[in-house]
Amino acid sequence: MPPVPIGIIVCSDRAALGAYEDRGGPAVEAYLRSVLATPWRPSLSIVRDERKAIAATIVRLADVEGCPLILTTGGTGPALRDVTPEATLDVCDRQLHGFAEAMRTASLAEVPTAILSRQLAAIRSSSLVINLPGKPAAIKTCLDAVFAAVPYCIDLIGGPRLDTDPDVCAAFRPKS
Amino acid sequence: MPPVPIGIIVCSDRAALGAYEDRGGPAVEAYLRSVLATPWRPSLSIVRDERKAIAATIVRLADVEGCPLILTTGGTGPALRDVTPEATLDVCDRQLHGFAEAMRTASLAEVPTAILSRQLAAIRSSSLVINLPGKPAAIKTCLDAVFAAVPYCIDLIGGPRLDTDPDVCAAFRPKS
Amino acid sequence: MPPVPIGIIVCSDRAALGAYEDRGGPAVEAYLRSVLATPWRPSLSIVRDERKAIAATIVRLADVEGCPLILTTGGTGPALRDVTPEATLDVCDRQLHGFAEAMRTASLAEVPTAILSRQLAAIRSSSLVINLPGKPAAIKTCLDAVFAAVPYCIDLIGGPRLDTDPDVCAAFRPKS
């Protein structure tokens, strides 16, 4: 089995222009490295905060590269240039509101401005797309809140089996 | 007063084909039997996981049979054949996000995969439609989380008065 | 600096007809008076529960009067005449689901019927619009649940700086 490709999309004007050293992408990759027991490889893209560019990147990672999991970082706030949630919905079929609720609830225990996040999760065919914040600490908070449900979600949408390191996160699969 | 008709829709390919003994429908009916003090009668339909069939059943139960409450079970997950939430929104006017949030929060205290549920609640004219999971234990968790608000909701949308057994669930009606 | 205009919209058929002394508007104004340290002035409108009238009032307060914050009270329930959320979405660009979740969660700790509220928050250009319930006690519960994030939200959408009385509510602005 070749390693499972996992998409990481950094949505940031400044990072895309090289004006800024992105910390979101490395934080997402470090989290995946700690949590996944199944062999995988990152497919990283850094794109500007442009709705069409982000949407096209999701489509490529899902349809061409076959990533069962695509994590975006950045662009989820209320500002005009924050368009990651819109771009995600543009190319996904169905939304999973429970991810957004759980990530915001966990973030809200840390900062009251967590309610400003418009991050969401949605499915494109056999790919699960999850929007994450841009800050490393907030990325970990959000992934900790939802990752136990990610492998079973990918089972249900027809993706490959992913196993986790149970000391980091116990992936849950209901018996039946 | 004739008994109030309450719709129960089992959304399941396997149950509709008779390949499987459905446990969701009986669990919903048992819950209603324990909680409702007002005379009522179930109107049960078992339908395949087809968006149009589920939507048409909701319309019939609401508009023809006059059910003020319609409970669906099954078809709320992320898989391709799970279409109950889409079918519900196809024929309803307004969504009540608070029901979905409360049901997911209660379920999440039991299993981390609760965030995968896309279940929702919405109103069609004078009927309240609530999507429930397929498993009996999860059905009870969800109904326990929201049922206290169901009778007042039905008051507000012009349905008949429903009373509950206060030892099972204390229906809440604000004074005003 | 002239005082910052803040919009308050009372959505109520009875109040608009003068058949009823509205208590929502004064409760919103009293809350703002206690929480804001920055000079401000209320711009109050009382409108009927008509979708077009409410939407037009939001547009006027945002575009003509330049209110960075617009608070509505009333019209968020499941009844047919409750149309404030629809009117808000008609004239706003992006929704902030975290506000609605936090307000419902706080209200749910007080009354089980909090899940019936369809209140939401959304942005129109540089204005943040938040739907509130009609009852004074519920208004305070909701504003207490979200106000710490309001000033930073208005910063992010390009509005004026608002400061709060830290003894009432500590506005949070992340360092970065």
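Chains B, Y and G, in that order, are what the protein sequence lines are. Residues 22 to 197, numbered by the working numbering, are exactly what the first sequence covers, in order. Residues 22 to 197, numbered by the working numbering, are exactly what the second sequence covers, in order. Residues 22 to 197, numbered by the working numbering, are exactly what the third sequence covers, in order. Ideal placement from N, C-alpha and C gives every residue a C-beta, glycine not left out. Treat the numbers as computed from the prediction; the structure is a model and nothing was measured.
Separation of residue j from residue i, as counted between CA atoms
i                            : j                            : result
leucine 65 of chain B        : serine 128 of chain B        : 25 Å
aspartate 176 of chain B     : arginine 182 of chain B      : 6 Å
glycine 87 of chain Y        : glycine 45 of chain B        : 53 Å
proline 63 of chain Y        : threonine 78 of chain Y      : 14 Å
alanine 192 of chain G       : histidine 118 of chain G     : 19 Å
glutamine 116 of chain G     : methionine 22 of chain Y     : 44 Å
phenylalanine 168 of chain B : arginine 145 of chain B      : 18 Å
tyrosine 173 of chain B      : lysine 161 of chain G        : 41 Å
valine 104 of chain G        : arginine 125 of chain G      : 18 Å
phenylalanine 51 of chain G  : cysteine 190 of chain G      : It should be pointed out that residue 51 of chain G corresponds to alanine in this sequence rather than to phenylalanine. Answer to the nearest angstrom: the Cα atoms are 14 Å apart.
alanine 47 of chain G        : serine 55 of chain G         : It is worth fixing the name first, because residue 47 of chain G is proline in this sequence and not alanine. The straight-line gap from Cα to Cα measures roughly 12 Å.
proline 133 of chain Y       : lysine 156 of chain Y        : 15 Å
arginine 72 of chain G       : alanine 143 of chain G       : 16 Å
valine 85 of chain G         : serine 148 of chain B        : 44 Å
alanine 121 of chain Y       : phenylalanine 120 of chain B : 12 Å
arginine 102 of chain B      : aspartate 188 of chain Y     : 53 Å
alanine 198 of chain B       : alanine 135 of chain G       : Any answer about residue 198 of chain B is impossible in this case: the structure gives chain B only from 22 up to 197.
Local Cβ density within 10 Å of residue i, reported as buried at 16 or more and exposed below that
i                        : result
leucine 164 of chain G   : buried
glutamate 131 of chain B : exposed
glycine 179 of chain B   : exposed
glutamate 42 of chain Y  : exposed
proline 89 of chain G    : buried
glycine 39 of chain G    : exposed
proline 24 of chain Y    : exposed
arginine 139 of chain G  : buried
Whether residue i touches residue j by CB criterion (7 Å)
i                        : j                        : result
threonine 94 of chain Y  : leucine 153 of chain Y   : yes
threonine 59 of chain G  : aspartate 186 of chain G : no
proline 106 of chain B   : leucine 141 of chain B   : yes
valine 49 of chain Y     : leucine 82 of chain Y    : no
tryptophan 61 of chain B : isoleucine 30 of chain B : no
valine 80 of chain G     : threonine 109 of chain G : no
valine 68 of chain Y     : alanine 100 of chain Y   : no
alanine 170 of chain B   : leucine 137 of chain Y   : yes
valine 112 of chain Y    : alanine 158 of chain Y   : no
alanine 166 of chain Y   : alanine 123 of chain Y   : yes
aspartate 70 of chain Y  : aspartate 34 of chain Y  : yes
glycine 96 of chain Y    : cysteine 32 of chain Y   : yes
Any non-hydrogen atom of the ligand NAD closer than 6 Å to residue i Cβ
i                        : result
isoleucine 30 of chain G : Of ligands this structure carries none, so the ligand NAD is not represented either.
What are the complete beta strand (DSSP E) segments, minimum 3 residues, inside the stretch 88-151 of chain Y?
90-94 and 142-145
Could you run through the stretch 72-105 of chain B and flag, in chain order, every residue whose CB is less than 7 Å away from some CB of chain G?
Gly98, Pro99 and Ala100
Chain Y contacts from the stretch 119-153 of chain B (Cβ-Cβ distance under 7 Å):
Gly119, Phe120, Glu122, Ala123 and Ile144
Which runs of the alpha helix (DSSP H) spanning at least 4 residues fall entirely within the stretch 29-88 of chain B, listed in chain order?
34-37, 45-56 and 72-80
Any residues in the stretch 155-174 of chain Y with a beta carbon nearer than 8 Å to a beta carbon of chain G? Which ones, in chain order?
Val167, Ala169, Ala170, Tyr173 and Cys174
Scan the stretch 30-52 of chain B for residues whose Cβ lies nearer than 9 Å to a Cβ of chain Y and list them as they occur along the chain.
none
Could you list the residues in the stretch 178-191 of chain Y with a C-beta less than 7 Å from some C-beta on chain G, going in chain order?
Those would be Ile178, in chain order.
Of the residues that make up the stretch 55-73 of chain G, which ones have a beta carbon closer than 9 Å to any beta carbon in chain B?
none
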